[in-house]
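First residue of the sequence shown: 15, per the numbering used here; consecutive thereafter. All C-beta atoms, glycine included, are put in the ideal place defined by N, C-alpha and C. A quick note: this is a predicted structure, and the numbers were derived from the prediction, not measured.
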Amino acid sequence: MGRRRVFDQQAILDAAERVVARDGATNLTLDAVAKEAGVGKATVIYDFKTKQALIEAVVDRAFQADAARHAALEAELEGQDSRAIRGRIRGGAHAPPEDFRAVALNLSAALVLDADLRRKMQASQASVVARVLATSASPRGAQLAYLALEGLKFLEHLDFHHFPPAERDRIVREIEWLSQAHPQDGAPAGG
């Protein structure tokens, strides 16, 4: 009797990310993931049932990893003010690696096409915004900083624009400054 191999779901999700990065989320197939993971298609189907369930699992894992990463960054700032936004800024201090950008770009396409995945992203963002506002010494400044940081990340993750390193470092420092700003009420100057 042969020995039964046990496959780690995380290894299958790693393979799915590689397929998404290489071929795009719309071209992801259970066969391609099985081949990439070095397992039979039945193994992938046993754990994930459908292509949609597999994509959802990849997205869920990305959300969980992002939440854990930012929780760890916040923990480093324990006892300091505005730690949610400052942790987010620390997390965005470096441009994303090239291999991650391909995954982010292709998963973004999946989010646009799937209302359930989009709702998860909306809930995640609502939670982050609420936390940033609740933990900031200057909630309005922190909100503006969060918008600026997410704009920077959007440009980079979707491969729309990449700033030279020195300019990017300056932008991140200015976002940090913005997080502590106290915007004035009323219309902007000149408006």
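Query raised in the report: Nearest to isoleucine 103 by CA position, among Gln198, Ile189, Pro197, Ala195, is which residue?
Result: Walking along the sequence shown from the start, residue 103 turns up at place 89. The candidate whose alpha carbon is nearest that of isoleucine 103 is Ile189.
Requested in this report: Using the Cα positions of lysine 167 and histidine 176, report the straight-line distance between them to the nearest angstrom.
Outcome: Position 153 of the sequence shown, counted from the start, is the residue given in the question as residue 167. Position 162 of the sequence shown, counted from the start, is the residue given in the question as residue 176. Their backbone Cα atoms lie some 10 Å apart in a straight line.
Query - Own chain residues within Cβ distance below 7 Å of aspartate 80, not counting five before or after - result: For this step, residue 80 is matched to residue 66 along the sequence shown. Taken in chain order, the list of residues that qualify is empty.
**Report entry** Close Cβ partners of proline 197 (< 8 Å) along its chain, the five nearest in sequence each way excluded
**Finding:** Reading the sequence shown from its first residue, position 183 is the one you call residue 197. So the list reads Arg154, Gly155, Leu158, once near-sequence residues are dropped.
Report task. Give a yes or no on contact between the region 117-126 and the region 38-47, applying the rule of three or more CB pairs nearer than 8 Å. Result -> Counting Cβ pairs under 8 Å, three or more are found: they touch.
Report task. Take every Cβ of the region 85-104, pair it with every Cβ of the region 58-71, and state whether three or more of those distances are shorter than 8 Å. Result -> no
Query raised in the report: Under three-state DSSP, which class holds glutamine 78?
Result: Taking the sequence shown and counting its residues from 1, one reaches residue 78 at position 64. If DSSP states are grouped into helix, strand and coil, glutamine 78 belongs with the helices.
Query raised in the report: Start and end of the alpha helix (DSSP H) containing glutamine 94?
Result: For the purposes of this step, residue 94 is taken as residue 80 along the sequence shown, with counting starting at 1. Premise fails: glutamine 94 is in no alpha helix (DSSP H) and is neither H nor E.
Report task. Ignore the nearest five residues each way along the sequence and tell me which others in leucine 131's own chain have a CB closer than 7 Å to its CB. Result -> The residue labelled residue 131 in the question sits at position 117 within the sequence shown. These residues qualify, in order along the chain: Glu70, Val73, Ala124, Leu125.
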